[in-house]
Structures are given as C-alpha cells and as structure tokens.
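Undergrad: FYI, the numbering for the sequence shown is 0 to 1110, going by numbering that gives the first Met the number 0. Beta carbons are placed, not taken as given, at the ideal position from N, Cα and C, and that holds for glycine. So that we are looking at the same thing, I have put the structure below in structure tokens.
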Amino acid sequence: MIPTEVPWAGDASMDAHTLAQMVDPGRLPTAEQTHIIEAPTSPLLVVAGAGAGKTETMSMRVLWLVAHQGFAPDTILGLTFTRKAAAELGTRLRQRLDTMAEHIPALTEAGYPTSLTYNSFAQRIVAEHGQWIGVESGFRTLGQAGAVQMMHDIVSSFPSDIAPDRSISSLVSNALSLAGHLAEHDYTVEGARLAFDEFSQSLREIGKPTSDLKKILEAHDLRYELLDLVDAFQKRKREEGVLDYSDQILLATQIVTSSPEVVRDLRNEYQAVLLDEFQDTSVIQMKMLSTIFRDHPVTAVGDPNQAIYGWRGASAASLESFLNHFDTSAQHLPEQTLTLSTAWRNDQRILSVANVISRPLRDHSTNAKSPVLTPRPGAGSGSVEVSYGVDRESQVEAIADFIEQHRRPQGSSITTSAVLCRRRKDFLEIDRALRSRDIPTQIIGVGGLLDLPAVADIRAALEVSVDVDASPSLMRLLTSLDIGTSDLRLLGEWARHLASQDSSELHPPTFLLDAVDTPPPPQWSPREGAPCFTQAAHDRVTILGQRLRALRAGSGRGIVEAVERAITIMGITEDILADPLNNGGREALDAFVDIASSYENDAPDPTLQSFLAWLSVAETEERGLEGPQADLRSDAVHIMTIHGAKGLEWDTVAVCSLDDGVFPKHSSPTSRHWRETPAPANGWLTSPTELPDPLRGDCDELPLFDPELGNGRTPQASFNKWVNSVYREKLGAHHEREERRLAYVALTRARSALFLTGSWIDYATQPKQPSRYLMEPLESLRRWVRDAFTGDISALNFLGNPTDDELRELARSLDRAVIEEPSEEEIRKRLEAEEQVTFPPLPGRSRQLLSEAAKRVKERIRELDTDRDVLDELAQITGHPLVTDVIALVEERRLKEESPRLTISTHRLPATTVSRLFDDKQTFAQTLRRPLPSEPSEAAALGTIVHAWIERQLRQTTGELWDEPALGITALSRQQKERFETIAKNFSSLALPGRVKTVEHPFALDIAGISVQGRIDAVFQDNDGDTVIDWKTGRSPHVGMDPAQLRSYVTQLRLYQMAWAEYTGVDVDTVRAQLVFLEEGSVWTLSDLEERAGITSEDLGTQMKGRLTPA
C-alpha cells in the first residue's frame, strides 16, 4: 500500500499492467492497449475499430494519467455525444478510481473526472463566460421540441409567402435543418447572407440559367428564402432568452476565440482531456475544442469507418485533421496516431466481411486509417449467410426463417436478435412476418413508431381534428372502415354535392370531412343508373363522423390529454385488446403518449398543431427524431434503422433490402452492377437545406467545385456538361463512402450470426441489382471456399475445418445465394399480380383468428343446454381469467334489462360514490358492479397538482417532515398554469379557520353495516372547535348549476363532518364543514350549500340506511 504523508504526485512504477492488476486482474491490456494507455501526454489520436474496447482503454488511460503522471482526477475532462454515454463513462471512471484508491489512499479524497456531452460543455462555457460576448447567464435551453414549436409559430404567421408549394411542416423542417448547418459551419445569418449573395452572383455570371445551372440556382434561391425564416428564428430566441444546442456551440466558440483569459481558465481547470466518438464532431466543434486545448494533453478516439452523421453536420475529416488542429509542432510523430484492432464483439467470419466492406474506406484515408479488425483470442467462427431473392415477400420470409432458426435459449434468456433497415418502409412487413410466427418484436425509434397502424390511426384522427383539409388522414380512417371503393367514390361525390349547395361558385372548395360529418342517406345515388350508397357504409361513416366531432369538441386541451382522448374516442384500445396476436399496439400507444408528454414538457406553449408538425419532421427524416429512450426488450427482435443501431450489438443480426438504389441509397433511375462505379448524386446541388460544399468549413475534404466553362458552345452549356459528367460523379463517389460507413456499422453489430439479404423486385417496376454491400461479402466468402478446396490451411481454419461434403454444400449454398435475375416476362407477371389488389383488403391473420374464434363460440353456444342459465354454465368453467369478465358483462347486460331493484353484496364504499346512491341507484349499482376509470382530463390533472401543492404548504406549517415536491406543474398548458398561479395566490390570501390540525386525514365510517372510506383534505382548529375543509378547483355554486352537483357537495361535507366527529369523539353538530373554491377564493359552509340546494339537515346515516341493507 502506498503511504499518504504527501499529496499524490504520481509513481513511475504504475504501468498499465500494474494498474490492471489493481482494478481488474482478469482483464489485462493487449499490447495495443498498453501503448495507448502509456502514451505521452502530447495530443494523441486513437483510431479504434468497431468493438475494439475503446471505452475500457480510455478509462485505463485516465488511471494511468492519475497514478503514473500525477494528474488530479478532478482536473480530467471526458467529452462524448450522448448523455447516456457520458453517464456510463463517468460511472466507469468513478468505480475504477475508487478501486484504485484502495491501493493508493492518497487518492481517496481526490475527487473524480468530469464527464459531459460536447453540448453540455459548450453550454457551461456560455453560462459561465457569456458576459465576454454580451450573453446573460440566465438563458434557457431550447430543446428540439421547443425549436419545432417556435419555428412552426414563425412559419404559420410569416408575412411573406415562402415556397407556397411546400407545407408548413416541410418548411419548418427545412428551415431548422438549414439553421443547424449554418451554426455547424460557424455562420451567423448576416455572414450566411453575404456568402449566399457571392455564391449566387458567381453562378449567375456564367450566363442565362439552363438545365442544371437553372436547377442549382432555384435551389439556392429557396435556400436564400429559408434564411429569412432562420433570421426570424434567431431573433425570436434572443427575445425570449433561449439558446438551442447549435447556439451553444456557436457562442462558446465565439467566447473562446475572442477571450484568451477564458481559454487559460479552462486549460487550468481541465489539465487532461478525452474526446470520445471524435469522428462525429463538426467543423464548429473542432474549432471550439482546438482553440481551447491546442498543444494540451488531449486524447481523441474515434473510428472513421463509423462516421455516419454527416447529414446532421458531422465532418468525416475530423479524425484526418485532428493533429493539424491540436498540435502545432512542425512534424507529427507516428506514435501520436495509434490504433485498436482487436475486435472483442464479433466472431471471425463477421470480422472478415466487415474488413472487406471497410477496405475502400481505408484506402481513401491518409492520416487516420481504420485498422483491419482481428479476432479476439478464442473467437468463434460465426456465420454469415447471404440471400438475394426474387421479390420482397421472399426476402421477408427469408428473414423470418433466419431469425426463427437462430432464436434459442441462452441460459435463462434467449439469444438477442435485430433486423436493421436502411429505410423505415421495411419495418411493418418484417414485423408482421415475425409476429405471424409468434416471435415477439419491438420497433425502435420515433419514425418507426409512426408507421405502426394503431399510432398512424390516432395521428390521422388528430390531424383531422385540427385541419378540415387533412384529406389524406381522413382517407386513412375511411379505408379502415371496410367499405368498398364504390362507397368511397360516392362519398367524394356527396362532398361535392354539399359544397355546391353552399356556394354559387362553379368549382367551390370541397371538404371530404363535410361528407363524413353529414353522410349521404342509404341508397343515395348521384344519378340514375349509378351505384347507391350502402346501408353498411352509411352506418360506419356515421359512427366515424360522431367520433371526429367529439374530438373537435375537445379542442384547446393539452397535447397528452388530446392524444389520450383520441385513443379513447376512436376505440383503438378495444381493437388492440381484441387482437389475438398481441401486435404490440398497446405498447405502441403508450410510447406515443410518452412522446407527446415529452414534447409537451419540452416545448414552450406547446400546441397540438406544432406537435403534429414535429411528427411530420420525424416522418420525413428517414433517420427519425429523438424521443423517449425505449427500454429494449431482451426477448423481442428489435427492428430499427441502422443509424439507430450504432453503439448496440446483438447475437444475431439481419440486414435487409441490400438492393442497389436502396442501400447504397441513390436516386439514379437505373440500378448499377456492384462492380461499376457508384451512381452520380445531386447532394447540395438541389437540396436547399444543405450548405453548398464550397461554403462549408471542411470544403477542402469534399469534391472540388471548380466548374469548367470553356468546354462547350456557351459557358452555361459547358457548366452543365461538367456538372453531369464530372462533378455529380464525384459527389456520387463521396456519397457512396458515407453509405459504406453505414454498411460497416450494420455488419459489425452482429456477434455470432449475420444475414445479408435483398431482392430483385422491390417497390419499383425495374429490377434492382444486388448491393455492393451484399456482393462484396459474398465474393469474399466464395474466395475462402475456393482456397479451402486447394487445401489452404488458413482458409480451412477460417471455415471451421469442414469435411469435404460440408465444404461442397457450403459452396453450393453460396452459389445459390443470389438467384438468377428474373426475366422481363416474370417481372411483368409478378407486378400484375401485385396490382390486382382486393379492396377492402382481405382479413389479415388477426381478423382471421377472431373470425375463427367467433365461429367456435357460436358452435359452443348451440351445444349448450338451453334450459340452463348461462351464468350456471359459466360457473362450471374454471381456471380461465376471461370467465370472470364474461360473468360481469352478462350481469351488466341483465342489469340494463331487469327492473331497477338489484341486490349487491359489498362491505365498503368510497366516499366519492355515496352521492350517486341518492341521485341514481341504477347507475350507482352498475358502477359498483363494473367500475370504469374516469376519462383523463387536464382539469383533473390540475386538481391533483393543486391538492399536492396545498398539502405540501400545510405540512410545512405543521412542522411535519415532508420532502416530496408537488410534481407536474411544468407539464400544464399555459392556460392551466395561469389557473394554478391564480389558485396559489388566492390560497395564500385565505383567512384559514385557525391552525392546521391534520392534512389528508384518512377515515372509514361505518353506516348501515357498510364501511364508507375516504380522505379529508384538511382540518383546522380554533377556539370555537374544528373545521373540516375540502379544496375545490372548479366553479363555485352559481345559478344554473346542476342540482345533482350541489347535492353531491352537501353529501360530501356531511360525510367528512360525521367522520371527524366519530374520530374525535365529539357531537357532529360541533364540527364545522366548508368547501373552499380556490380559483374564485370563495368559501361555502355546509349550511350555505344546504340552503342553495334546498336540502334539509336530515341525518346522512338515516338517509343511507334507507338505501342500503346490511349484508
């Protein structure tokens, strides 16, 4: 043990192996890891392959910096991209340092490193040093939801007409995307306007815009118009004192580039720095970090092969240029760039094909070549299977076969599996195929969630409730009614008929919703001989219209309440509960409510319209938006995008739709053979949301935009020729490398089994060639097999030393992996078969099972002894949980049919139900027989929050220990927050009747042999005795109030009065009772209420005994 007489200053004997023996004797570092752990403290770049143990290595380097070099732990900073990763890094470092402190007591009180996200670090700089550039420290952070809300408000009320052919949600998405790109490349709006002007001028000087030049200028003109929205967005943020994440990085960069004092302070505070996932940093992040930590002990770690976030501003050149930015030495040493190549995750065959995919990326790199991955000691052979079928159906079935084959018990759990997709369009087909085999699934991500039928239906209903012109959403709801095409066409004609009646215009605006609100009568026909509107269609459309009107009647509510009302009103929950396949609908709706709640909490003054716009952004963005983090179910197959899979791993992984044009994704009209050069790309040329490459901060690493103007009849003709024959080809090659990185991420998610699949016939009419990311691995496996036939020892070992028969079978399976391209005639027949769809669609598996079950029930009913009562029959059936529910339903039905008198055996009643006993015995009995939860409402939520808040105030005055805060205030809408503020103000000014005696007092009052149970909100005591009080957030008694409500108030106070009298042993007449209506600040005594209700002071016990008979 190290003595503790002096402060710890490091010990040269503390090398990597010694430290590993201290903290984790079973895990000694490899030679590569040792070199990194013990590397000098000059700027260091670590290029780590996928699954190569970078987090473990970085944590051990921190221990070495502390134990060997003498750095104080609390002067070390670790930065990464996600809060989850930052928390995991911080936890691991604290645990390791605590273990090391057991051997080095001097470190016991030495503190811990700081672990933050890059954005959090920037936010801290702005908060602590913002005064250098005139930014106050009291700013609020504007999250993604808040940004969408704000931009939605701006676009909706913008004075000029920007891109009238684009929807509001599209403009919101476009403007926010451009705003992000500007910030990531260190542009202010003014600076961008100047740069845009210069760039536009340089293009217009070429000549009259034609062909490609015209398209490029049109996109740039829209980009310039979007800049007006970005400008308004920036001004609104300043007015409201908020900063979004892009602002934080941009302002932090301005601070550190203009203030050497701040840089000095930060370098003194953080004397060693770790930069994780450095391949995902942007130009502006590179500038900020290198300004602060240039020539400082910095270790950056990343994998250029996993740089997949270029679409959100990350620069793939970050690793390549790291030393140029962080080390001002004239010459950089080879030992300043080290690698981690041992893959601790993947088995051998998976590593082999991953290395094949990444080879072109390594060839393209110069300073930061990703290493060739090598297998861990004892790694298994693993398996890689390839299948390229004729169509989507065969592909989906092949995926289901593969998953089913590899799902097997693994101890007390089951092997983990995932299906990774380049596009969300594939989710539902794969989900249905797996569930039809009783394999549980979980679709991950907001974008995928929106495609699930239950969520899509609710979203459509919400769209219709706020937009009468949301015809696509209304059509979704109509097509789910199982009415025929003739009825749908007639509904459209009826809508035109209604419009013409209300207008003198020749072509008046027509709203399909009008036809749903007032559907045509049965047998209506627009003209003689035309089809008639059916009775079934009339009945179903009428129900839909009623539901939609009920939704619109609830406008103005909070977002969560609106979503929950839609779920209830549209009957979605009942449909889900009736589904025998349990298709995850309930979980999907719960996740959707969580997303609505997250948006409502994050957005200032959220509206349902802005929430729906935010969902549209999620839908149009293939990679989805961040939402609440879903817990991954270990028993389910996870279906998700490849972008969402980064950082995760599974035992078994299938990668689907490996078709050229889909993955790699490109918009070329023809699919390319995998050996051909990549398809050309448009990139920024036609995308107004992206910065032109020449204006980007990393333009030196991008294809050079240097048009040739002297190689045609005119300069513009020469320009167009150069764009098509040269520049778009370069953009295509650059884009393909981005897609290849995504493929590398997909392949390296699998531990032991990998399946690569696609199909000739996708959604297009032309066949798609197999992707290069399927064919390159396949050809690699074929080469291994050919080498094995020649007796190559390494090939035989790689393939698991198969027998000759096994080797021949493997060769045959690889030869059969890609079926022959179907002929034009076969494709035509298949497409024709797909076009011959039945509408309404034929029943799916769930409805088939329901129909079969209903048929069996009918047969069973016919077999029953009809002379016996059904309840007697049910009494003979035991052991099934549904029996109790059926009995309750039968009794409820009989309750409606029989006389009002009913005997119910019960021994206790909630106090809140007693008033119903006096008003409507039948309803009371039905409620008691089959209680149902009340529909959630924002008013009820406010009442709950108010009661919790008042309880906290009163308990503090009594001196009781009460540390629980009154939660939920921040989740209220603006209107409800204003109500809460009024209530709080009125409560503070109330003349309360004495001191607080008790709060939330539970009671159980025996009346007529029945235990009536409840809680008294508060009891106060003064010289005249005790007063029981009940707080109310609704309106006080007024002219026109429902008499039943007044009687309910009287009954409630009488119960509380009796309960407190019994509890304290005093006469009931000595206990006073009051209702306090907080929003109006009015107090009503029991006698006041009795007088208003016209009720005599009859004893409550006597009244109840007349209604209840003891059991």
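Report all residues from its chain with a CB closer than 8 angstroms to the CB of L419; omit the five preceding and five following residues, and keep chain order.
TA: M639, T640, I641, A644, V652, A653, V654, C655, A745, R748
Undergrad: Do you know whose CA, among H879, A498, L490, lies nearest W523's CA?
TA: L490
Undergrad: Distance, Cα to Cα, A587 vs L543?
TA: 22 angstroms
Undergrad: What residue ranges within the segment 54 to 82 form continuous beta strand (DSSP E) runs of no fewer than 3 residues, ordered along the chain?
TA: Here the runs fully enclosed are 75 to 79.
Undergrad: I want to know whether the segment 263 to 277 touches the segment 161 to 174 - three or more CB-CB distances under 8 angstroms.
TA: Counting Cβ pairs under 8 angstroms, fewer than three are found: no touch.
Undergrad: With a threshold of 8 angstroms, are at least 3 pairs of Cβ atoms found where one atom belongs to the segment 144 to 156 and the other to the segment 279 to 292?
TA: No: the two stretches stay apart, fewer than three of their Cβ pairs being nearer than 8 angstroms.
Undergrad: Does the Cβ of H879 have 16 or more other Cβ atoms within 10 Å, making it buried, or fewer, making it exposed?
TA: H879 is exposed by the Cβ-count criterion.
Undergrad: What number of angstroms, rounded off, separates the C-alpha of P525 from the C-alpha of E560?
TA: 41 angstroms
Undergrad: For my contact list, V1148 and V171 are in at a C-beta cut-off of 8 angstroms; report their separation, rounded to the angstrom.
TA: With the chain running from 0 to 1110 in the structure shown, residue 1148 is simply not present.
Undergrad: Report yes or no: is there a C-beta of chain C within less than 8 angstroms of the C-beta of H180?
TA: No chain C is present in this structure, which holds just one protein chain.
Undergrad: To the nearest angstrom, how far is it from the Cα of S114 to the Cα of I594?
TA: 27 angstroms
Undergrad: Closest to L813 by C-alpha separation, out of R781, E825, P821, K828, would be which residue?
TA: R781
Undergrad: With burial defined as no fewer than 16 other Cβ atoms inside 10 Å of the residue's Cβ, what is the status of P677: buried or exposed?
TA: buried
Undergrad: Spell out a yes or no on whether the segment 748 to 767 and the segment 706 to 714 are touching, meaning 3 or more CB-CB pairs, one atom from each, closer than 8 angstroms.
TA: no
Undergrad: Comparing C-alpha positions only, which one of T517, S472, A494 sits nearest to H506?
TA: A494
Undergrad: DSSP puts P413 in a beta bridge; with which residues?
TA: Residue identity check: residue 413 is Ile in the sequence provided, not Pro. In DSSP, I413 forms a bridge with P408.
Undergrad: Give me, in chain order, the residues of the same chain whose beta-carbon lies closer than 7 angstroms to that of E820; leave out the 5 immediate sequence neighbours on both sides.
TA: W759, P766
Undergrad: Would you mind giving the Cβ-Cβ distance between Q347 and F788, rounded to the nearest angstrom? I have them listed as a contact below 8 angstroms.
TA: Contact doesn't hold; Cβ gap of about 19 angstroms is too wide.
Undergrad: Let me check understanding here. Comparing Cα to Cα, which of A191, E527, W1059 lies closest to G696?
TA: A191
Undergrad: Would the segment 432 to 444 count as touching the segment 662 to 673 if we require 3 or more Cβ pairs under 8 angstroms?
TA: no
Undergrad: Can you give me the start and stop residues for the beta strand (DSSP E) that R1071 sits inside?
TA: 1071 to 1076
Undergrad: Taking I982 as part of the alpha helix (DSSP H), name the residues at either end of that continuous run.
TA: First-last of the alpha helix (DSSP H) with I982: 973 to 987.
Undergrad: How many Å lie between Q545 and A251 at the Cα?
TA: 54 angstroms
Undergrad: Starting from R750, trace the beta strand (DSSP E) in both directions and tell me its first and last residue.
TA: R750 -> beta strand (DSSP E) spans 749 to 760.
Undergrad: Looking only at its chain, what residues have a beta carbon closer than 7 angstroms to the beta carbon of I566, apart from the 5 residues adjacent to it on each side?
TA: I457, T572, L588
Undergrad: Decide if I949 is buried, meaning its Cβ has at least 16 other Cβ atoms within 10 Å, or exposed.
TA: buried
Undergrad: Using only alpha-carbon positions, find the residue among I1028, D430, L547 that is nearest to D635.
TA: As written in the sequence, residue 635 is Ala, which differs from the Asp given in the question. If we check each option's Cα against that of A635, D430 comes out closest.
Undergrad: For S1035, which residues from the same chain have a beta carbon less than 6 angstroms from its beta carbon, with the 5 sequence-adjacent residues on both sides left out?
TA: F1076, E1079, S1081
Undergrad: Measuring straight from C-alpha to C-alpha, what distance separates H180 and F662?
TA: Whole-angstrom Cα-Cα distance: 25 angstroms.
Undergrad: Three Cβ pairs or more, each shorter than 8 angstroms: is that satisfied between the segment 26 to 44 and the segment 322 to 340?
TA: yes
Undergrad: Of all the alpha helix (DSSP H) runs that stay within the bounds of the segment 479 to 530, which reach a length of 4 or more residues?
TA: Within the segment 479 to 530, the complete alpha helix (DSSP H) runs of at least 4 residues are 484 to 500, 511 to 516.
Undergrad: Tell me the residue span of the alpha helix (DSSP H) that contains D220.
TA: Here the alpha helix (DSSP H) through D220 covers 210 to 239.
Undergrad: According to the Cβ coordinates, are D601 and A1043 closer than 8 angstroms?
TA: Taking 8 angstroms as the cut-off, the beta carbon of D601 is found no closer than this to the beta carbon of A1043.
Undergrad: Please state if the CB of L550 and the CB of S464 are separated by a distance shorter than 8 angstroms.
TA: yes
Undergrad: Over the uninterrupted alpha helix (DSSP H) stretch that includes K854, give me the two end residues.
TA: 844 to 862
Undergrad: Mind pulling the beta strand (DSSP E) runs of 3 or more residues that sit fully within the segment 416 to 441?
TA: 416 to 420
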